[in-house]
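Everything on this sheet refers to the single structure shown next.
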Amino acid sequence: MPTEPKVKGPASYFPSIEKKYGQPIDHWLGLVEKLQDMKHMEMVAWLKSEHGLGHGHANAIVAHVLASKSK
0 MPTEPKVKGP
10 ASYFPSIEKK
20 YGQPIDHWLG
30 LVEKLQDMKH
40 MEMVAWLKSE
50 HGLGHGHANA
60 IVAHVLASKS
70 K
């Protein structure tokens with residue numbers, strides 16, 4: 000039986016983010032996409048202070064959004 004490739008990078012956090020915070024990942028990605036004028040760590044701090052995300056989860060979301068914009 001073929002196995003699915005293991006997800007790596009920021010996206011590997013997405014299932015635990017959805018489970019812990021009760022929102023689909025698209026919800027979080029959409030919020031961060033609206034923060035165009037902020038720097039990476041400012042976005043992370045905003046997710047932590049305004050939405051109670053942990054640092055690793057917030058960082059994964061921001062890193063994913065910024066990486067997708069640089070392509």
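Residue numbering for the sequence shown follows numbering that gives the first Met the number 0, beginning at 0 and increasing consecutively.
Built from N, CA and C at the ideal position, the CB exists for glycine as well.
In this structure, L34 keeps its C-beta atom at 8 Å or more from the C-beta atom of H63.
In the three-state reduction of the DSSP assignment, E32 falls in the helix class, which pools H, G and I. For P14, there are no CB contacts under 8 Å within the same chain when 5 residues up- and downstream are skipped. Measuring C-alpha to C-alpha distances from S67 to each of A10, E3, T2, Y20 identifies A10 as the nearest.
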